[in-house]
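Residue numbers (this note's numbering), protein chains in the order written: chain A, 1357 to 1535; chain B, 1357 to 1535. No residue lacks a Cβ here, since even glycine has one placed at the ideal position from N, Cα and C.
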């Protein structure tokens, strides 16, 4: 599938409801457990997604539209979730993510992006030249990376409980490959 | 985490709502696309989950409670989704999965399983002796394997669209490891 803005927005607009159905009021054993030292729990992942909404995706999209390739994006703050989630409950984080995502997507829709806009180029500090189309596709795929991660982190908690069935459950053989 | 029946039921009872938020009325480009020949689309996965509700999990649980190790389970029909989904829309499948899952979990709750019940043993045709506790844990973890798979299958559709960001998206580096 090539990038299709409506498909991207259809997917991105659902993520708050998916996380809500998956995580809200689920026992802490599921939502606060991680895969070991320096790994993330589902709670941490939601904080990370909030950080992206607040400081990364929109700032980068605006930089492409306003400055093109002349300025590099600020690096993505991959550990902003500690700041975002301190002292908050998972329910608060889910509400905050839903609000920010809805605001951001409304703003993107308001831009009425054309095919020409989507082809506009910006500069990633490590990856070099990227397009607005690639940025918006990545925003949606980044949600999928983290749904994939949450499923894996939660399955990890039952690694022993499933006994010999662990051999058959693909999610228990996922090495994390960075997310 | 050792197996905790309430945690298992809390997770298992949410899966229909998660799939609903994720997939219902999403464009077909997302829900009907797979990862290539002989792989499954999200639509196929929902059909597979229906097959499990209808013919596998409950039948196995009842066999453990009624016959213990004296009889082997019937093999899991991993391709029953073709039968389950023929001629149906994704919305119909989501409704059917939600109904079957709710009925099955109500029945399990009605059994008022004790710790002794959960330790009861059955016989898997390939894995040998397993317990009811392991079966119920696997039922929940099997949902997670397929949420993990759906996230991966959907991200695959944007493999080209994300451009150079593919290097950073862990889900695009997942080899499927059997599900």
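Asked: Compare the Cα-Cα distances from residue 1415 (chain A) to each of A:1498, A:1505 and A:1491 and report the closest residue.; Found: A:1491
Asked: Counting only beta-carbon atoms, is residue 1471 (chain A) nearer than 8 angstroms to chain B?; Found: no
Asked: Residues of chain B with CB closer than 9 angstroms to the CB of residue 1484 (chain A), please, in chain order.; Found: 1520
Asked: Over the uninterrupted alpha helix (DSSP H) stretch that includes residue 1512 (chain A), give me the two end residues.; Found: 1488-1512
Asked: Identify the contact partners of residue 1367 (chain A) in chain B, using a Cβ-Cβ distance below 8 angstroms as the criterion.; Found: 1382, 1386 and 1510
Asked: Tell me the DSSP secondary structure of residue 1527 (chain A) in three-state form.; Found: helix
Asked: Whose Cβ in chain B lies nearer than 9 angstroms to the Cβ of residue 1422 (chain A)?; Found: None at all; the shortest Cβ gap to chain B is about 20 angstroms.
Asked: Based on DSSP bridge pairs, tell me the residues matched to residue 1478 (chain A).; Found: A:1486
Asked: Counting only beta-carbon atoms, is residue 1445 (chain B) nearer than 8 angstroms to chain A?; Found: no
Asked: What is the rounded straight-line gap between the Cα of residue 1494 (chain B) and the Cα of residue 1516 (chain A)?; Found: 10 angstroms
Asked: Take every Cβ of the segment 1416-1428 of chain B, pair it with every Cβ of the segment 1474-1485 of chain B, and state whether three or more of those distances are shorter than 8 angstroms.; Found: yes
Asked: Indicate whether the contact test is met: 3 or more Cβ pairs, each with one atom in the segment 1381-1400 of chain B and one in the segment 1516-1530 of chain B, closer than 8 angstroms.; Found: no
Asked: Helix, strand or coil for residue 1428 (chain B), going by three-state DSSP, please let me know.; Found: strand
Asked: With distances taken from CA atoms, which of A:1498, A:1359, A:1365 and A:1513 is nearest residue 1466 (chain A)?; Found: A:1365
Asked: For residue 1378 (chain B), which residues in chain A fall below 7 angstroms Cβ to Cβ?; Found: 1370 and 1374
Asked: Alpha carbon to alpha carbon, how far is residue 1486 (chain A) from residue 1470 (chain A)?; Found: 17 angstroms
Asked: What does residue 1390 (chain A) touch in chain B if you count any residue whose Cβ is under 7 angstroms from its own?; Found: What residue 1390 (chain A) touches in chain B: nothing, since even the nearest Cβ is about 12 angstroms away.
Asked: On the criterion of 16 or more Cβ atoms from any shown chain inside 10 Å, does residue 1443 (chain A) qualify as buried, or is it exposed?; Found: exposed
Asked: Comparing alpha-carbon positions, which option in A:1362, A:1464 and A:1499 lies nearest residue 1403 (chain A)?; Found: A:1499
Asked: State yes or no: is the beta carbon of residue 1428 (chain B) nearer than 8 angstroms to at least one beta carbon in chain A?; Found: no
Asked: Can you give me the C-alpha to C-alpha distance between residue 1529 (chain B) and residue 1501 (chain A), rounded to a whole angstrom?; Found: 10 angstroms
Asked: Could you give the DSSP three-state label for residue 1413 (chain A): helix, strand or coil?; Found: helix
Asked: Identify the contact partners of residue 1450 (chain A) in chain B, using a Cβ-Cβ distance below 7 angstroms as the criterion.; Found: The premise fails here: residue 1450 (chain A) is roughly 12 angstroms from chain B at the closest Cβ pair, so nothing lies under 7 angstroms.
Asked: Pick out whichever of B:1428, B:1525 and B:1438 has its Cα sitting closest to the Cα of residue 1483 (chain A).; Found: B:1525
Asked: For residue 1380 (chain B) versus residue 1456 (chain B), is the C-beta distance shorter than 8 angstroms?; Found: no
Asked: What is the DSSP secondary structure of residue 1360 (chain A), reduced to helix, strand or coil?; Found: coil
Asked: Apart from the five residues just before and just after residue 1503 (chain A), which ones in its own chain have a Cβ nearer than 7 angstroms to its Cβ?; Found: 1374
Asked: If residue 1509 (chain B) and residue 1383 (chain B) are in contact, beta carbons under 8 angstroms, what's the gap, nearest whole angstrom?; Found: Not a contact, Cβ separation roughly 14 angstroms.
Asked: Can you list the residues of chain A that residue 1359 (chain B) reaches, using a CB-CB cut of under 8 angstroms?; Found: 1514 and 1517
Asked: Can you tell me where the alpha helix (DSSP H) with residue 1462 (chain A) in it begins and where it stops?; Found: 1446-1466
Asked: What whole-angstrom Cβ distance do residue 1435 (chain A) and residue 1405 (chain A) have, given they're in contact under 8 angstroms?; Found: At roughly 13 angstroms, the Cβ-Cβ gap does not stay under 8 angstroms, so residue 1435 (chain A) and residue 1405 (chain A) are not in contact.
Asked: Closest by CA to residue 1472 (chain B), which one among B:1488, B:1400, B:1464 and B:1439?; Found: B:1488
Asked: If contacts are defined as beta-carbon pairs under 8 angstroms, then residue 1370 (chain A) and residue 1511 (chain B) qualify, I think. What distance do you get, rounded to the angstrom?; Found: Not a contact, Cβ separation roughly 14 angstroms.
Asked: Do you know how far the Cα of residue 1428 (chain B) is from the Cα of residue 1439 (chain A)?; Found: 52 angstroms
Asked: Measure how close the beta-carbons of residue 1441 (chain A) and residue 1412 (chain A) come, nearest whole angstrom, since I'm counting them as under 8 angstroms.; Found: Actually they are not in contact, since the Cβ atoms of residue 1441 (chain A) and residue 1412 (chain A) sit about 16 angstroms apart, beyond 8 angstroms.
Asked: Taking only beta-carbon atoms, is residue 1411 (chain B) less than 8 angstroms away from chain A?; Found: no
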